[in-house]
Amino acid sequence: MSAVTRMSLARTPSAISVLLLVGTFVAIGIIQPDALTYDGLSLILVGAMPVVLATMAQLFIMAAGDIDLGIGQFVGLVNVTAAASLGTQPGIAILGLALAAVAYVLMGALITYRGIPSIVVTFGMGSIWLGVSLLIMPTPGGEAPGWLSAAANAEPPLVPLPIIVFAVLTVVVYLLLNRTRLGIRLRAVGASPEAATRVGLSVIRLKMTLYGLAALMGLLAGLVLTGSTGSGDANGAATLVLSTVAAVIVGGGEFRGGRVDAVGAVCAAVAIGLITSIMAFLNVSAAYTSAVEGLILVVALGVRVVAFRRLRPPSRALAAP
Amino acid sequence: MTSKALTGSGSARASRSRRWHADWLPAALGALLVWVATGAVAGQGFLGTLQQSIIVASFLALVGFGEVFVISTGSGNIDLSVPYVVTLSAYLSASIMRGSDAMLLPALAAILVLGPIVGLVNFSIIRLLSIPPLVATLAVGFVLRTVVELLAATGAKAPSPALIHFAVGHFIGVSPLSLLVVGVGIVASILLTRARYGREVLATGQSPEAARLAGIATSRVVLRAYMLSGGTAAICGLLLGAYSNGPSLDMAEQYQLGAIAVVVLGGSAIAGGRSNVAGVWWAALLLTLLATLVSLTAAGPGVQHIAEGAVIVGVLAAMPKR
Chain A
698 MSAVTRMSLA
708 RTPSAISVLL
718 LVGTFVAIGI
728 IQPDALTYDG
738 LSLILVGAMP
748 VVLATMAQLF
758 IMAAGDIDLG
768 IGQFVGLVNV
778 TAAASLGTQP
788 GIAILGLALA
798 AVAYVLMGAL
808 ITYRGIPSIV
818 VTFGMGSIWL
828 GVSLLIMPTP
838 GGEAPGWLSA
848 AANAEPPLVP
858 LPIIVFAVLT
868 VVVYLLLNRT
878 RLGIRLRAVG
888 ASPEAATRVG
898 LSVIRLKMTL
908 YGLAALMGLL
918 AGLVLTGSTG
928 SGDANGAATL
938 VLSTVAAVIV
948 GGGEFRGGRV
958 DAVGAVCAAV
968 AIGLITSIMA
978 FLNVSAAYTS
988 AVEGLILVVA
998 LGVRVVAFRR
1008 LRPPSRALAA
1018 P
Chain B
-18 MTSKALTGSG
-8 SARASRSRRW
2 HADWLPAALG
12 ALLVWVATGA
22 VAGQGFLGTL
32 QQSIIVASFL
42 ALVGFGEVFV
52 ISTGSGNIDL
62 SVPYVVTLSA
72 YLSASIMRGS
82 DAMLLPALAA
92 ILVLGPIVGL
102 VNFSIIRLLS
112 IPPLVATLAV
122 GFVLRTVVEL
132 LAATGAKAPS
142 PALIHFAVGH
152 FIGVSPLSLL
162 VVGVGIVASI
172 LLTRARYGRE
182 VLATGQSPEA
192 ARLAGIATSR
202 VVLRAYMLSG
212 GTAAICGLLL
222 GAYSNGPSLD
232 MAEQYQLGAI
242 AVVVLGGSAI
252 AGGRSNVAGV
262 WWAALLLTLL
272 ATLVSLTAAG
282 PGVQHIAEGA
292 VIVGVLAAMP
302 KR
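Protein sequence lines correspond, in order, to chains A and B. Start counting the first sequence at 698; every next residue gets the next number (the working numbering). Start counting the second sequence at -18; every next residue gets the next number (the working numbering).
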């Protein structure tokens, strides 16, 4: 790789994930050209929507300099709540979802105020989300309200719904974090809480804002999941967490310093979501799925590091989040 | 002035070391409380409940003894591949033993190679590719998961009768398995607090830069920690497979959160550099008794998950600010 390429890669940390996404589409085009039509794209991308939304939740938490190991269970909680009662008792369901979001914000306040490790707190809270989900729905079932299924499977003219969702999400999150006063403050908190305090920002309030934004994304992810699958499963989204963390990092984010990149994270999340679809096309046995996912993460992250190696000093201290 | 500064720092160090040794106390007190509550409702009485819980807690404590070394090296080091190593070890050992005592030693040898090799792979990916340990070890775990599923689909699997006898048996009212685990804990504790390696682990966890400047080969220290964690997870798998009379795919599910929870609840710092091995054992007992208590109330898995999560978050929130 030439020095020039390396320079431009370092300036745009999302480059690797954009390449990964393009590569994934090329692979799909070669394996199954029909997948690149309107219907094909809708079909393979609809499953990636919850992953992408959950990745945005993880992105806000990582922008706070923390990490969320319970996001999968939170999405699961939203999923079972929506499938169990959003159609029949919408008032109670909406109240429950609002309470869950408030609990999320309070979790952020607790982590910040007590200075306790987010990695363990969110892990523990994940256990609580899962427990509540199992109380609501011990076995998979329920039914998505009609309007939610219709919304998640809507067919807008020309461009498939998931692509519109991804594009809008990327633009909104990018503008929020990089082009607004609030966004600059939010990123400052993750980059250096001490500096943020010195210039008079309220770290706890800004961190609560980030956790609130994450909860919002988690809610959307759970609702979209419910709409696209049509039912609820407490454990259904538990494996999301690795994909979300990996997507933020492959997309140019870092554990330390609240460095995140919305464009890169969305591209990486879509690519990771699509890889599952490719394996389905190739009739890969279900037993290999987890190995392939693990290997792809290692390769994607490895490529990113090798591409950057000459430019940045190797970060030996890989951040206790 | 100088002497005052010296006494000041001396007493600070003394009080710090007192706290150090008492770090396991909250977990131990919690375990005793839950024991009293559980013993009161359990059919087998206080002693029977404790005996049973100590055996079940031994498996969790064992993986915690390895995890505590990894977490103590700091810099975000953590081993999330533990539950996958436990399951793979259980399957691998059972398919080597096939119910024969003669194959017990070969099986033991195989898993004692397997565990440290996984640790080596974890470390290599983390160091050579600069991948955060959290993601790297989980990715390695995902690959192991596939190996387990492929292995599960082949041939006969059964632990050796002698090993089962060792895992479930009692000797004058005491389970040899739990004694073995307590022994491993004592060795781990001495290794961490008295041996050169342990001092190097803690120094690396407190400040990798300072440790390197002091001439410690920090890479080797971290590598050995991952190999130790792989090793204890592999031994746990061998024993747990025998205890449950054969492996199953989700046998180690609770060790994903559990292995880390016992380290943190036991009074070790998640950021590394401060560790307590006794606390790991007590925290494992606490979580096991809690699970027993919840299952006795017939409240179902939902309440059990909520109780576990609440204890972890509650204890962390109640810990004194450092």
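Quick reminder that beta carbons are idealized off the backbone N, C-alpha and C, glycines included.
Residue i, enclosing alpha helix (DSSP H) - first and last residue
{"i": "ASP736/A", "result": "735 to 743"}
{"i": "LEU879/A", "result": "878 to 888"}
{"i": "ARG175/B", "result": "No alpha helix (DSSP H) holds ARG175/B; DSSP gives it neither H nor E."}
{"i": "VAL856/A", "result": "From DSSP, VAL856/A is part of no alpha helix (DSSP H); its letter is neither H nor E."}
{"i": "PRO114/B", "result": "114 to 133"}
{"i": "MET976/A", "result": "959 to 978"}
{"i": "ARG255/B", "result": "Taken as a continuous stretch (DSSP letters only), ARG255/B belongs to no alpha helix (DSSP H), as it is neither H nor E."}
{"i": "GLY773/A", "result": "768 to 778"}
{"i": "THR199/B", "result": "199 to 224"}
{"i": "GLN729/A", "result": "Run containing GLN729/A: none; DSSP gives neither H nor E here."}
{"i": "GLN33/B", "result": "26 to 53"}
{"i": "GLU234/B", "result": "Counting along the chain, GLU234/B falls outside any alpha helix (DSSP H), and DSSP gives it neither H nor E."}
{"i": "MET78/B", "result": "63 to 78"}
{"i": "PHE104/B", "result": "85 to 109"}
{"i": "THR941/A", "result": "937 to 947"}
{"i": "GLY290/B", "result": "281 to 299"}
{"i": "ILE833/A", "result": "815 to 833"}
{"i": "PHE17/B", "result": "Here the sequence assigns Val to residue 17/B, which means Phe is not the residue at that position. Start and end: 6 to 22."}
{"i": "LEU783/A", "result": "First-last for LEU783/A: undefined, no H or E at that position."}
{"i": "SER846/A", "result": "843 to 849"}
DSSP bridge partner residues for residue i (one or two, in chain order)
{"i": "GLY929/A", "result": "GLY838/A"}
{"i": "PHE152/B", "result": "VAL155/B"}
Selection from the options that minimises the alpha carbon distance to residue i
{"i": "ALA983/A", "options": "SER170/B, ALA137/B, PRO142/B, GLU130/B", "result": "GLU130/B"}
{"i": "MET753/A", "options": "GLY919/A, LEU971/A, THR923/A", "result": "GLY919/A"}
{"i": "LEU73/B", "options": "ASN226/B, GLY253/B, ALA133/B", "result": "ALA133/B"}
{"i": "GLY949/A", "options": "LEU939/A, VAL938/A, THR936/A, VAL963/A", "result": "VAL963/A"}
{"i": "THR19/B", "options": "SER276/B, PRO7/B, ILE107/B", "result": "SER276/B"}
{"i": "VAL942/A", "options": "ALA849/A, PRO835/A, GLY991/A", "result": "GLY991/A"}
{"i": "THR361/B", "options": "SER56/B, LEU115/B, VAL17/B", "result": "This structure leaves residue 361/B out entirely; chain B is present only between -18 and 303."}
{"i": "VAL203/B", "options": "GLN187/B, LEU297/B, ILE216/B, ALA215/B", "result": "GLN187/B"}
{"i": "VAL244/B", "options": "VAL284/B, TYR207/B, TRP262/B, LEU119/B", "result": "TRP262/B"}
{"i": "HIS286/B", "options": "PRO890/A, GLY823/A, ALA911/A", "result": "GLY823/A"}
{"i": "ARG201/B", "options": "LEU115/B, GLU181/B, VAL94/B, CYS217/B", "result": "GLU181/B"}
{"i": "LEU783/A", "options": "PHE978/A, VAL938/A, ALA997/A, VAL921/A", "result": "VAL921/A"}
{"i": "LEU738/A", "options": "PHE722/A, PRO747/A, VAL748/A, ALA911/A", "result": "PHE722/A"}
{"i": "SER141/B", "options": "VAL67/B, ILE293/B, SER76/B, ALA279/B", "result": "SER76/B"}
{"i": "ALA977/A", "options": "GLY744/A, GLY720/A, GLY828/A, VAL719/A", "result": "GLY744/A"}
CB contact below 8 angstroms: residue i versus chain B
{"i": "TYR985/A", "result": "yes"}
{"i": "ARG811/A", "result": "yes"}
{"i": "ILE901/A", "result": "no"}
{"i": "PRO835/A", "result": "yes"}
{"i": "ILE680/A", "result": "A query on residue 680/A cannot be resolved here, the shown segment of chain A reaching from 698 to 1018 and no further."}
{"i": "ALA1016/A", "result": "Since pLDDT at ALA1016/A reaches only 42, below the 50 mark, its modelled position is unreliable, and the value read off the structure follows with that caveat. By this cut-off, ALA1016/A is an interface position."}
{"i": "PRO814/A", "result": "yes"}
{"i": "LEU774/A", "result": "no"}
{"i": "ALA761/A", "result": "no"}
{"i": "PHE820/A", "result": "yes"}
{"i": "ILE825/A", "result": "yes"}
{"i": "PHE952/A", "result": "yes"}
{"i": "ASP988/A", "result": "Reading off the sequence, residue 988/A comes out as Ala, not Asp. By this cut-off, ALA988/A is an interface position."}
{"i": "ARG1013/A", "result": "Here ARG1013/A scores only 44 on pLDDT, less than 50, and its place in the model should not be relied on; the value that follows carries that caveat. Yes, ARG1013/A lies at the interface with chain B (some Cβ there is under 8 angstroms from its Cβ)."}
C-beta neighbour in chain A for residue i, strict 8 angstroms
{"i": "ALA(-7)/B", "result": "Any reading at ALA(-7)/B must be qualified, since the residue scores a pLDDT of 44, below 50, and its modelled position is unreliable; the value itself is stated next. Cβ-Cβ to chain A under 8 angstroms: no for ALA(-7)/B."}
{"i": "SER249/B", "result": "no"}
{"i": "PHE50/B", "result": "no"}
{"i": "PRO113/B", "result": "yes"}
{"i": "GLY227/B", "result": "no"}
{"i": "ALA40/B", "result": "In the sequence on display, residue 40/B carries Phe and not Ala. No, PHE40/B lies away from the interface with chain A (no Cβ there is under 8 angstroms from its Cβ)."}
{"i": "PHE104/B", "result": "no"}
{"i": "ALA18/B", "result": "no"}
Whole-Å CB distance - residue i paired with residue j, under 8 angstroms assumed
{"i": "SER987/A", "j": "ILE969/A", "result": "Not confirmed; about 13 angstroms, so no contact."}
{"i": "ALA304/B", "j": "THR213/B", "result": "As shown, chain B starts at -18 and ends at 303. That puts residue 304/B outside it, with no answer to give."}
{"i": "LEU883/A", "j": "ALA760/A", "result": "6 angstroms"}
{"i": "TYR316/B", "j": "PRO64/B", "result": "Absent from the structure is residue 316/B, since the part of chain B shown begins at -18 and ends at 303."}
{"i": "VAL945/A", "j": "GLN770/A", "result": "Not quite, the Cβ-Cβ distance comes to about 18 angstroms (not below 8 angstroms), so this is no contact."}
{"i": "GLY915/A", "j": "GLY762/A", "result": "Incorrect: roughly 19 angstroms between the Cβ atoms, too far for contact."}
{"i": "PRO854/A", "j": "ILE861/A", "result": "Not a contact, Cβ separation roughly 11 angstroms."}
{"i": "GLN127/B", "j": "TYR908/A", "result": "Per the sequence shown, the amino acid found at residue 127/B is Thr instead of Gln. With a Cβ gap of about 35 angstroms, THR127/B and TYR908/A do not count as contacting."}
{"i": "TRP826/A", "j": "GLY767/A", "result": "6 angstroms"}
Interface flag, residue i vs chain D, CB-CB below 8 angstroms
{"i": "VAL817/A", "result": "Among the protein chains in the structure shown, which are A and B, there is no chain D."}
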